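Here is the structure we will look at, set down as structure tokens.
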Amino acid sequence: MLKSLLTNHPLVNILFAVVLAMGLMSYNSMPREQDPEINFNWVNVVTVLPGASAADVEQLVTGPLEDAVRNVQDIRFVISTTRESTSNILVRFRDLSPREFDKRVNDLRRELQSKTNDELPADADDPRIIEITSSNGFPTALVVVQGQADDEPLRQQARYIKEDIERLAGVDRVLSIGLHDPEMQVEFLPWELAARGLLASDIADSLGQAFRDTSAGNTDVAGNEWLVRVSGTTADPEQLAAFQLSPAAAPGTLVALDEVAEIKRGRQEATQLVTLDGQAAVGLSITKVGYTNTLDLIERLQDYVDGKNQRLAGSGIQVVLADDQTMMTRQAISIMQNNALLGLFLVLLVCWLFLGLRIAAMVTMGIAFSIAGTFWVLDITGNTLNVSVLLGIVIVLGMLVDDAVVVVEAMFYRLERGAGRLQAALDSLREVGKPVATAVATTMAAFLPLMLLPGILGKFMFIIPFVVTVGLAVSLVEAFWILPAHVISFRHAPRQQDAAGKSAGK
1462 MLKSLLTNHP LVNILFAVVL AMGLMSYNSM PREQDPEINF NWVNVVTVLP
1512 GASAADVEQL VTGPLEDAVR NVQDIRFVIS TTRESTSNIL VRFRDLSPRE
1562 FDKRVNDLRR ELQSKTNDEL PADADDPRII EITSSNGFPT ALVVVQGQAD
1612 DEPLRQQARY IKEDIERLAG VDRVLSIGLH DPEMQVEFLP WELAARGLLA
1662 SDIADSLGQA FRDTSAGNTD VAGNEWLVRV SGTTADPEQL AAFQLSPAAA
1712 PGTLVALDEV AEIKRGRQEA TQLVTLDGQA AVGLSITKVG YTNTLDLIER
1762 LQDYVDGKNQ RLAGSGIQVV LADDQTMMTR QAISIMQNNA LLGLFLVLLV
1812 CWLFLGLRIA AMVTMGIAFS IAGTFWVLDI TGNTLNVSVL LGIVIVLGML
1862 VDDAVVVVEA MFYRLERGAG RLQAALDSLR EVGKPVATAV ATTMAAFLPL
1912 MLLPGILGKF MFIIPFVVTV GLAVSLVEAF WILPAHVISF RHAPRQQDAA
1962 GKSAGK
């Protein structure tokens, strides 16, 4: 069996070429990012109750949702934060497998939806559930829309830009900072209300019941089922001003809203303000989808910003990519790549100085095969190209040459003494096969326990021993099969000093 594998040169050459090609393709296609893709087992539940005070949100939203969360298993702890109009619940699950975590998240969604339908106020938005990972836990970039004044044209452009960025491939969420939504403001006149026997609550209740979107079920039309929805909201102040109120003190009497209140366009009360270089601005914090190439995403953002600025020229509004988190990623990946290339060069230089050019050439082929095979396996297993992966490559780089050097030197030793190429390969593998396999196995055994570390630290540390283990396993295949087969297929010329020694003996 071993003899047939070593002499099947077409199979060896095809396998060698395929692994090199797939490794190169994997290296070029793997998404670039600074850290590995990690799911922290954190879930953030955000619920909005417009216009409610912090105390009301705590009582009407946060409390009932916390009761629903407690029905879900495998939760380590729950932290809630309540402020005006917004409830924020942070759920920390135990260390679970991806499959178990997905199941618990689905349980959480079901419990929250049930509680929302049964107890939450009708005005409350549905809870938004966000799984926190290394991709969306921290912003990838910050785009700032800068204007001459804090006016509606600035905010209108910011809304358009926010919608455009959300449609870009790889963008998960865009969080606006300082973008206050427009609203219709009704400021009642107390003396006019009193004169007509109306209360402020009468205005609020009547407007709340009349101006709202309502679902009206579904209907069959020509064999097709259509959802029916009645739109009751309006952005027209004249339509709102003509709304009729019915005073309880004077049944049958109708009073136009503009008789007892002033209606005007406005914006939500500012809770955050953004400025850039002293000018009013709106910030757009961008997070990416998991396993997205961060460098490509930033390039798409930069292209969009450049194109948008050309269309906005002369309007007094400018779009700026203010914070690019990939600068650190590019620098870290570049440093690790340079270190890997430098390490490879030094390894080959040492082999050439002490073992000769032929062995150095064979070792070079072995290192290329092992690294290519490692990148191929990383790509198949869904990993990204990050600093941890490159660190593992740098660590394993010097180890990849050990088994190849031992095997090829044993073969050349026998070839120089007149043994046939196939017999030299077989004898060498019988002699050094077990020691080489033992040496590689002990190194793998030293790194494997690092893959079993629990918690978030273990998830970050997992990739380094994984890269080392895969690289060493591929190097064994190369040293026991690919390398001997290549040596057998090459023509061997005796060293000059050996040939000179034989001539002198004659």
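Going by this note's numbering, the first residue of the sequence shown is number 1462, and it counts up by one from there.
Note that CB positions come from ideal geometry on N, CA and C, so glycine has one too.
Just so we're clear, the structure is a prediction, and the values are computed from it rather than from any experiment.
Closest by C-alpha distance to residue i, when choosing among the options
i: A1940; options: I1854, E1870 and Q1740; result: E1870
i: Q1740; options: S1950, Q1609 and W1942; result: Q1609
i: A1602; options: L1756, L1839 and E1580; result: L1756
i: D1611; options: V1862, G1524, T1736 and V1518; result: T1736
i: S1575; options: V1780, R1544, I1841 and N1532; result: N1532
i: N1505; options: N1770, V1566 and V1824; result: V1566
i: P1915; options: M1789, D1764, M1788 and D1556; result: D1556
i: I1949; options: K1920, F1921 and S1889; result: S1889
i: D1535; options: K1564, V1518 and T1547; result: K1564
i: T1523; options: L1467, E1580 and W1503; result: E1580
Expected contact under 8 Å - CB spacing of residue i and residue j to nearest Å
i: P1708; j: R1657; result: 5 Å
i: D1633; j: K1749; result: 6 Å
i: V1507; j: N1549; result: 6 Å
i: L1526; j: I1540; result: With a Cβ gap of about 13 Å, L1526 and I1540 do not count as contacting.
i: D1864; j: L1810; result: No, D1864 and L1810 are not in contact; Cβ-Cβ is about 19 Å, not under 8 Å.
i: K1994; j: L1887; result: The question about residue 1994 has no answer, for the chain in this structure spans 1462 to 1967.
i: G1733; j: I1638; result: Checking the sequence, you will find Gln at residue 1733 rather than Gly. Contact holds; Cβ gap of about 6 Å.
Buried versus exposed call for residue i [16 or more other C-beta atoms within 10 Å across all chains shown]
i: A1954; result: At A1954 the pLDDT is 42, less than 50, meaning the model places this residue with poor confidence; the figure from the coordinates comes in the next sentence. By the 10 Å Cβ count, A1954 comes out exposed.
i: N1844; result: buried
i: E1699; result: exposed
i: L1909; result: exposed
i: E1494; result: buried
i: P1497; result: buried
i: P1651; result: exposed
i: N1754; result: buried
i: L1803; result: exposed
i: D1764; result: exposed
i: S1487; result: buried
i: A1516; result: exposed
i: T1787; result: buried
i: P1411; result: Residue 1411 is absent from the model: the chain starts at 1462 and stops at 1967.
i: R1878; result: exposed
Secondary structure of residue i, DSSP reduced to three states
i: A1961; result: Confidence at A1961 is low in this model, with a pLDDT of 38, below 50, so its placement is unreliable and the value that follows should be read with caution. DSSP places A1961 in helix when its eight states are reduced to three.
i: I1499; result: coil
i: L1802; result: helix
i: T1845; result: coil
i: A1703; result: coil
i: V1509; result: strand
i: R1537; result: strand
i: A1585; result: coil
i: R1882; result: helix
i: R1722; result: For the record, residue 1722 in the displayed sequence is Ala; it is not Arg. Of the three classes helix, strand and coil, the one that applies to A1722 here is strand, per DSSP.
i: E1527; result: helix
i: S1831; result: helix
i: A1774; result: coil
i: S1595; result: coil
Cross-strand partners of residue i (DSSP beta bridge)
i: Q1607; result: A1742 and Q1779
i: L1668; result: Looking at the DSSP assignment, L1668 forms no beta bridge with any residue, so it has no partner.
i: E1613; result: DSSP output for E1613 lists no bridge partner at all.
i: W1687; result: T1680
i: K1749; result: V1632
i: S1548; result: T1508 and T1543
i: D1784; result: L1603
i: V1868; result: According to DSSP, which records beta bridges pairwise, V1868 is partnered with nothing at all.
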